[in-house]
Amino acid sequence: MQNNANFKFIARKTLELLSSKLEEILEDTAEIEETEDILKILLADMTILLNLHAPSNQIWLSSPLSGALHFFWDETQAKWISTRSSSEDLFSCLEKDLSHFCKFPVLLK
55 MQNNANFKFI
65 ARKTLELLSS
75 KLEEILEDTA
85 EIEETEDILK
95 ILLADMTILL
105 NLHAPSNQIW
115 LSSPLSGALH
125 FFWDETQAKW
135 ISTRSSSEDL
145 FSCLEKDLSH
155 FCKFPVLLK
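Heads up: the sequence shown is residues 55 to 163, going by the numbering used here.
Written out as structure tokens, the structure is:
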């Protein structure tokens, strides 16, 4: 991604979309807190955190299951790709972690 304004626009839209979907899917399971650059998913005894990291143009995910993961926007694929593995994307990683903790399938796509 070339400019910071474009990154912030796409990243904030992503967090807004996730917040909306998670509010609907996890309405009885988690509390969702969204600010401009941070999304918190508060489960019974843990928190999953997503935040924008503007200096690197990445979204960072912190989860008790996956640890710290960083994602960059791939315009060709139109999704956030993990810096660890190009086969993993933000939505898939979040689905995996939330499904594990919530004990039911969480589908975000």
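C-beta atoms are modelled at their ideal positions from N, C-alpha and C, and glycine is treated no differently.
* Would DSSP call asparagine 105 helix, strand or coil? -> In the structure shown, asparagine 105 falls within a strand segment according to DSSP collapsed to helix, strand and coil.
* Got a sec? Which residues, its chain only, sit under 7 Å from serine 120 by beta carbon, not counting five neighbours each side? -> Only Cys147, Asp151 meet the Cβ criterion.
* Roughly how many whole angstroms lie between the Cα atoms of methionine 100 and phenylalanine 155? -> Annotation: methionine 100 to phenylalanine 155 spans about 9 Å, alpha carbon to alpha carbon.
* Expressed to the nearest angstrom, what Euclidean distance is found between the alpha-carbon atoms of proline 159 and asparagine 111? -> In this structure, the CA atom of proline 159 is about 30 Å from the CA atom of asparagine 111.
* What residues in its chain sit with their C-beta under 7 Å from that of serine 153, if we drop five residues either side in the sequence? -> Closer than 7 Å at the Cβ level, and outside the excluded window around serine 153, lie Pro159, Val160.
* Any Cβ of chain B within less than 8 Å of the Cβ of isoleucine 92? -> Note that chain B does not occur in the displayed structure, where there is just one protein chain.
* Asked: Among residues of its own chain, excluding the 5 on either side of isoleucine 135, which ones have a beta-carbon nearer than 7 Å to its beta-carbon?
  -> The answer, listed in chain order, is Phe125, Phe126, Asp128, Asp143.
* Does DSSP put serine 120 in a helix, a strand or coil? -> In this structure, serine 120 counts as coil in the three-state DSSP scheme.
* Report back the beta-carbon spacing between isoleucine 113 and leucine 104 to the nearest angstrom; my notes put them in contact at under 8 Å. => The Cβ separation is near 6 Å, so the contact holds.
* Asked: In whole angstroms, what is the alpha-carbon distance linking histidine 107 and alanine 65?
  -> Approximately 9 Å, taken between the alpha carbons.
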